[in-house]
Each structure stands twice: as structure tokens, then as C-alpha cells.
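Shown next, in C-alpha cells, is the structure this report addresses.
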Amino acid sequence: MLLMTLWRIWHIRNEVIHHKPAPPMEASRRYLVSYLDSLVGLKIDLSSDPSKGKSLVTYDRPLKNPHVRIVESTLVKWCPPMAGWVKLNTDGSFAENGTAGAGMVLRDDKGNVIYSACRELFSCREILEAELCACMEGLSFAIQRSDLPIIIEMDSIIAVKLIQAMDIDRSIYSSLVKEIRHLMSLRDSCITHINRMQNKVSDSLAKFARQEGRTMTWVGSGPSVSLELAEADCMDIEI
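The numbering of the sequence shown is the numbering used here, which starts it at 165 and goes up by one.
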């Protein structure tokens, strides 16, 4: 942890020397926590994705007693919404070189894709910002594409807690959180945190946007990889 902190200080020093604005302290804190999560996760879950800054591992502060969330990832699957509702899954993708993307998919109670979209994000500071941008844009599209109540699912617990918080948000992302809350107020809606194994479709869309530098929307469709994942999600659905 000490070495990572020293490396981060050196990185910020170089930014300042080259006349670039220093990242906020909170952004550095979140980056270090996210990186540490990934390193610990690699020891336990080889399927973790360090480029997203997320894994199946959590820890209790101070940094002691790492523990795996009590869930068998191979058994965790996406679940369709109840009849009369639609479900929106969103995800963000962020890499250390500054590239970022947002992915979102809206599905009905049969698992049919109503729309899917991906967006390349510019000037993105960290994974949390990518997650919130994905949620905001996905919710905006969902309201346009369906008149039904919306269940929103994200695999970022920090983003979900920010949106669900009852107090006034004073973080650097307060405007994003405020807009998401406003969009949710326009429709019967709820937001919940899920395992990343339940979020494969939007994850693939976010990575597609980041890696390919693409911004696209599909009505009832999507990239082939994302559609294959959506079909796999529907394999056990009783219609």
C-alpha cells in the first residue's frame, strides 16, 4: 500500500510539473482503494477485471481481514424483471491510459433486448465517473424507449450508495447524482447493486465503447458479443 501511495504522489507531481491540474484528493483515494481491491482479488478470483477497478473481493477498513463475498459466481445469473416492468443494466469501463466507456441495455420480462447502447467517454477521471455516466445516459434512454416502471441494476456499490443516499451529495459528482435522481423521479423506478456476473451484457458494451472508441445505439439489437451474452442470460427463463 505504501509503494502504491508513493507512486501516486509521484504521478501527481509529474502532472503539476507539466502544468496539468492535480487530481482531487478524493479521486486519488478512490483510485488507490480500487487498485488494492483488484490486487487482492487477483489472489482469489482469477476472473476479476483490474481494468474496471472492480472485483468480487471486499475488505473492512482498516485494510484487514480480506474476505470473499458469500456468493458462488458460477451460479449467479441475470434475472428478468417482473411482468409489467423493464430492467436497465448499466456499466462503466476505465483504463489507466484515460480511455473510458459506458454500456447500457434495457430488457423486458422475457429477456428481450429493447435497446442497447455504448458511449465513448472523454475527460473521465475514474471508474466511478464512468459508472455514473452510464447510469444517467442509460436511464435517459430507458425513459424514452419504454413507458413501464424501471429496475436499474449496477455492479458498483459506491455508485448505488451515492444515488440512494438521502442526504445532500457534496461529492465531485453531485451534478451527475442529482440528474440521475431527477430521471428516476420521472418514472416508478428503483436501483439495486448486483454481482458483476449478472452484468455481463452492459459490461461488454462498456468495454466495446472504450476499446473501439465507439458511440452507438441499437434498437432491439446490439453487438454480436453482447447479444450472445443476452441470449445466455435467457436460457433458464420460463416464458
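Just so it is clear, CB atoms sit at the ideal spot from N, CA and C, and this is done for glycine as well. Here the structure is a predicted model, which is why all the values come from computation and not from measurement.
Asked	Found
What does DSSP give as the partner residue(s) for Ile355 in the beta ladder?	Ile316
Would you check if the distance between the CB atom of Glu295 and the CB atom of Ala323 is smaller than 7 Å?	yes
What are the boundary residues of the beta strand (DSSP E) that includes Met268?	264-271
In this structure, what does DSSP give as the bridge partners for Asp255?	Gly267
In this structure, does DSSP put Cys299 in helix, strand or coil?	helix
Taking the beta carbon of Arg271 as the centre, do at least 16 other beta carbons fall within 10 Å, making it buried, or is it exposed?	buried
Output the distance between the C-alpha atoms of Pro352 and Glu376, rounded to the nearest integer angstrom.	Per the sequence shown, the amino acid found at residue 352 is Asp instead of Pro. C-alpha separation (whole angstroms): 35 Å.
Short of 8 Å in beta carbon distance, which residues of its chain neighbour Phe305, apart from the five on each side in sequence? Order them along the chain.	Met268, Leu270, Tyr279, Ala281, Thr381
Just verifying my parser: in three-state terms, what is the DSSP assignment at Met277?	The sequence shown places Val at residue 277, not Met. Correct three-state label for Val277: strand.
Any idea what DSSP makes of Glu137, helix, strand or coil?	Summary: the structure shown does not reach residue 137, with the chain confined to residues 165 through 403, and so no result is reported for it.
Relative to the C-alpha of Glu395, which residue among Ser349, Gly302, Lys371, Val365 is closest?	Val365
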